[in-house]
Amino acid sequence: MTRHLIIGTGVAGVSAAFAIRSVDPVAEIVLIGNEPDKFYSRPGLAYMLTKEIPEKMLFSIQAREFAAQRLSLVNGVVERVDPQGRSIFLRGGQRLDYDRLLFATGATAVMPDLPDIDLKGVVKLDNISDARRIIKLARAGKPAVVVGGGITALELVEGLARRGMNVHYLLRKDRYWGNVLDESESRIIESRLRHEGVTLHFHSDVEALLAKRGAVSGVRLVGGQVLPARLVAFAIGIRPRLSLARSARLEIDRGILVDEFLRTSAPDVYAAGDAAQAYDPNSGRHVLDSLWNPAREQGHTAGLNMAGQPTAYVRKTAFNVTRLAGLTTTIIGTVGGGRDDDLVGIARGDSEVWRDLPHAIACQTHVDVNRVRLMVGERTLVGAIVMGDQTLSQPLQELITEQVDITRVRTALVGANGTLSGVLVDFWKDWRQSRAN
Ligand SMILES: Cc1cc2nc3c(=O)[nH]c(=O)nc-3n(C[C@H](O)[C@H](O)[C@H](O)COP(=O)(O)OP(=O)(O)OC[C@H]3O[C@@H](n4cnc5c(N)ncnc54)[C@H](O)[C@@H]3O)c2cc1C
Numbered sequence: 007m008t009r010h011l012i013i014g015t016g017v018a019g020v021s022a023a024f025a026i027r028s029v030d031p032v033a034e035i036v037l038i039g040n041e042p043d044k045f046y047s048r049p050g051l052a053y054m055l056t057k058e059i060p061e062k063m064l065f066s067i068q069a070r071e072f073a074a075q076r077l078s079l080v081n082g083v084v085e086r087v088d089p090q091g092r093s094i095f096l097r098g099g100q101r102l103d104y105d106r107l108l109f110a111t112g113a114t115a116v117m118p119d120l121p122d123i124d125l126k127g128v129v130k131l132d133n134i135s136d137a138r139r140i141i142k143l144a145r146a147g148k149p150a151v152v153v154g155g156g157i158t159a160l161e162l163v164e165g166l167a168r169r170g171m172n173v174h175y176l177l178r179k180d181r182y183w184g185n186v187l188d189e190s191e192s193r194i195i196e197s198r199l200r201h202e203g204v205t206l207h208f209h210s211d212v213e214a215l216l217a218k219r220g221a222v223s224g225v226r227l228v229g230g231q232v233l234p235a236r237l238v239a240f241a242i243g244i245r246p247r248l249s250l251a252r253s254a255r256l257e258i259d260r261g262i263l264v265d266e267f268l269r270t271s272a273p274d275v276y277a278a279g280d281a282a283q284a285y286d287p288n289s290g291r292h293v294l295d296s297l298w299n300p301a302r303e304q305g306h307t308a309g310l311n312m313a314g315q316p317t318a319y320v321r322k323t324a325f326n327v328t329r330l331a332g333l334t335t336t337i338i339g340t341v342g343g344g345r346d347d348d349l350v351g352i353a354r355g356d357s358e359v360w361r362d363l364p365h366a367i368a369c370q371t372h373v374d375v376n377r378v379r380l381m382v383g384e385r386t387l388v389g390a391i392v393m394g395d396q397t398l399s400q401p402l403q404e405l406i407t408e409q410v411d412i413t414r415v416r417t418a419l420v421g422a423n424g425t426l427s428g429v430l431v432d433f434w435k436d437w438r439q440s441r442a443n
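Residue numbers (the working numbering): 7 to 443.
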C-alpha cells in the first residue's frame with residue numbers, strides 16, 4: 007500500500023489528499039499540520055474581522071468528511087525531511103516514512119525588522135489565531151495603526167474600522183497599491199476609506215514601536231510624529247515557507263521550484279500552493295501566487311500525480327474577485343507594473359503576473375464608482391480591472407483566459423470610452439455564439 011504524507015492542512019494539502027483518494031481507494035494518506043484548527047477559508051478571515059460572517063462559517067469541510075475519506079490528520083510540526091531516507095521527523099522526534107511526499111506549507115507574513123516587534127498588540131493576519139487575537143484586542147473608540155499594502159492591509163483597515171477603532175493607515179508612497187491599481191483606482195479606494203473614518207498618512211513609515219506596561223502604546227514615524235495605538239497591524243507582504251525545503255536540499259528560487267507535474271527536484275517529492283513556484287506558460291517563467299484557486303488546483307494536480315495519474319498543471323490566467331474598501335473588484339491577467347514600496351514581494355490574494363505588463367494600451371470607462379480598465383494587447387486582451395458593477399467580469403475573464411483574438415473590435419475598444427461596455431458585451435456574445443455553433 008502506498009503511503010502519502012502531506013505537510014500542511016491548507017487548501018493545497020487538503021485538495022491533494024482528496025485527489026489521491028479519488029484515484030486510489032486503498033492508499034494511506036496522512037496530513038500533518040501545525041494549526042490546531044484544521045481546514046478553514048483563509049480569505050474568509052477578512053469577513054470574520056468585519057463581523058459579516060461568524061467564525062463557524064469559515065469551516066467548510068467537517069471532521070467527519072476527512073474520516074469518510076479515510077484521511078488521517080496529525081497535529082504537529084514537521085522539523086526535518088530526509089529525501090534519501092524517505093522520511094520526515096516531527097517535533098518530539100517521531101519519524102514517519104513515505105512513498106510520496108507533498109510540501110503544502112504555504113506562506114507566512116513578513117514582519118518588519120523593528121525592536122519590540124513581539125509586543126502585545128502588534129499583529130499580522132496570517133491565520134485564524136491571528137484573527138481571533140485581533141478581535142480580542144480591538145476596542146471601539148481606541149486608535150489603531152495599519153502599515154502595508156495590497157489586499158490584506160486593506161482588510162485589516164476595514165476590519166478595525168468596522169469594529170469602531172480610529173484607524174490610521176500608513177503608506178510609504180503617495181497612493182494605495184500603486185503597482186496593480188492605476189491612480190484613479192487608488193483614489194477611489196482612498197476616498198472610500200476616508201468616508202469610513204480612516205485617516206490616511208502618505209509618505210509615512212514606522213521608525214519605532216512605543217510600549218507601555220509590556221504592550222504597544224503607539225508608533226513613532228520617520229520624521230518624529232507620534233501616533234498612539236492600542237493595536238499596530240503589519241501587512242507588508244508574505245514569503246513562502248521554505249526552511250524545511252531548504253534543509254531537504256530541494257531546488258528553490260523564491261519558492262519551491264516545481265515542474266509541470268508539480269514535482270520538486272527530489273524523487274517522489276511534490277510541492278503545491280503558496281509555497282511552490284510554478285511554471286507560467288504565458289510569461290515563460292516560474293511565478294509565485296498567493297491565491298486560493300491556484301493553490302487548490304495545484305494541490306489537486308499534485309495529488310493526481312502522487313497517485314500515479316500523470317497530469318500536467320496548466321496555470322490559468324491569474325484572477326481574483328475581492329473587495330477593496332467595500333467595492334467588489336475583479337483583477338484578471340496583467341494590469342500593472344513596477345514595484346510597490348509598501349510590500350516586500352507579493353501580498354495575500356496577489357499574483358506576481360499582475361505586474362508583468364507587456365505592450366498594451368489602457369482604455370477605461372468610469373461611471374461614479376463603477377470602473378472598468380482594460381489592457382489591450384496587439385491581438386488579445388491581456389488584463390482587466392472591474393470595480394463596482396461586475397457585469398463585465400465574466401465576459402472579460404473568458405476573453406482574457408481564452409486569449410480570444412479581438413482584432414475585429416480592437417479599434418472600437420480603444421476608442422470606445424463611454425461605449426466600451428456595449429462594444430465588449432456584443433463582441434463577447436458573438437464569440438460565445440460562434441463557439442457554440
Ligand atoms: C487574510 C487573507 C486574505 C486572503 N485573501 C485572498 C483573496 O482575496 N483571494 C485569494 O485568492 N486568496 C486570498 N488569500 C490567499 C489564500 O488564502 C492562499 O493563497 C491559500 O490559502 C494558500 O493555501 P496553501 O494550502 O498553499 O497554504 P496555507 O493555507 O498557508 O496552508 C499551509 C499550512 O501548512 C502549515 N505548515 C507550514 N509548515 C509546517 C510544518 N513544518 N509542519 C506542519 N505544518 C506546517 C501552516 O501552518 C498552514 O496551516 C488570502 C489569505 C489571507 C490570510
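C-beta atoms are modelled at their ideal positions from N, C-alpha and C, and glycine is treated no differently.
For ligand 1, no non-hydrogen atom lies closer than 7 angstroms to the CB of Ala-74.
Taking C-beta separations shorter than 6 angstroms and ignoring five residues to either side along the sequence, the partners of Arg-178 in its chain run Asp-211, Asp-347, Asp-348, following chain order. DSSP places Tyr-53 within a helical segment (H, G or I) once states are collapsed to three.
Within the same chain, and ignoring the five residues on either side of Ile-391 in sequence, the residues whose Cβ sits closer than 6 angstroms to its Cβ are Ile-337, Val-341, Arg-379.
Taking C-beta separations shorter than 6 angstroms and ignoring five residues to either side along the sequence, the partners of Arg-106 in its chain run His-10, Asp-274, Met-312, following chain order. Secondary structure note for Pro-246: its beta strand (DSSP E) is the uninterrupted segment 244-246. In this model, Val-29 and Arg-193 are separated by some 50 angstroms (Cα to Cα).
Taking 8 angstroms as the upper bound for CB-CB distance, Ala-25 and Ile-12 are not in contact here, some 11 angstroms apart. Secondary structure remark: continuous beta strand (DSSP E) runs of at least 3 residues inside the stretch 238-326, in chain order: 244-246, 275-277, 282-286, 291-293.
Every unbroken stretch of the alpha helix (DSSP H) spanning 4 or more residues and falling wholly within the stretch 128-190 is given here in chain order: 134-143, 156-168. Proximity to Gln-409 across Glu-61, Pro-246, Asp-395, Trp-437 peaks at Trp-437, based on C-alpha coordinates. With distances taken between CA atoms, Ile-38 lies nearest to Asn-81 out of Ile-59, Asn-81, Leu-55. In the structure shown, Asp-436 falls within a helical segment according to DSSP collapsed to helix, strand and coil. Excluding the 5 residues flanking it on each side, Val-415 has same chain C-beta neighbours closer than 7 angstroms at Val-429, Phe-433, in chain order.
Within its own chain, the residues whose Cβ lies closer than 8 angstroms to the Cβ of Thr-205, once the five positions on either side in sequence are excluded, are Asn-172, Val-173, His-174, Tyr-175, listed in chain order.
Below 8 angstroms, too few C-beta pairs join the stretch 272-292 and the stretch 234-242 to call them touching: fewer than three. Val-83 places its beta carbon less than 8 angstroms from that of Arg-97. In the structure shown, the three-state DSSP call for Lys-126 is strand.
When secondary structure is reduced to three states using DSSP, His-209 falls in the coil class, being assigned neither helix nor strand. Annotation for Gly-339: the continuous beta strand (DSSP E) segment containing it runs 333-339. Ligand 1 has a heavy atom closer than 7 angstroms to the beta-carbon of Gly-279. For Val-32, the CB contacts under 7 angstroms within the same chain, skipping 5 residues up- and downstream, are Met-7 in chain order.
Between Gly-261 and Gly-243, the alpha-carbon positions lie close to 14 angstroms from each other. Minimum Cα-Cα distance from Pro-401 among the listed residues Gly-343, Ala-418, Leu-426 corresponds to Leu-426. With a cut-off of 7 angstroms, the C-beta of Asn-326 is classified as near ligand 1, since at least one heavy atom of the ligand falls inside that distance. One thing to note: Val-232 has its Cβ within 8 angstroms of the Cβ of Gly-224. DSSP places Arg-86 inside the beta strand (DSSP E), whose first and last residues are 84-88. In the structure shown, Lys-218 adopts extended strand secondary structure according to DSSP, grouped into three states. Proximity of the beta carbon of Val-17 to ligand 1 is indicated: a heavy atom of the ligand is located closer than 7 angstroms. Annotation: Ala-235 is outside any beta strand (DSSP E) and is labelled neither H nor E by DSSP.
Excluding five sequence positions before and after Glu-257, the CB atoms of its chain that fall closer than 6 angstroms to its own CB belong to Leu-263, Ser-271, given in chain order. The closest CA to that of Arg-321, considering only Glu-164, Gln-304, Leu-77, Leu-310, is found on Gln-304. For Ala-115, the enclosing beta strand (DSSP E) stretches over residues 113-115. Just measuring C-alpha positions, the residue of Asn-185, Pro-246, Pro-149, Tyr-285 sitting nearest Ala-318 is Tyr-285. Annotation for Val-20: Phe-45 place their beta carbon closer than 6 angstroms to its own, counting only its chain and skipping 5 residues before and after.
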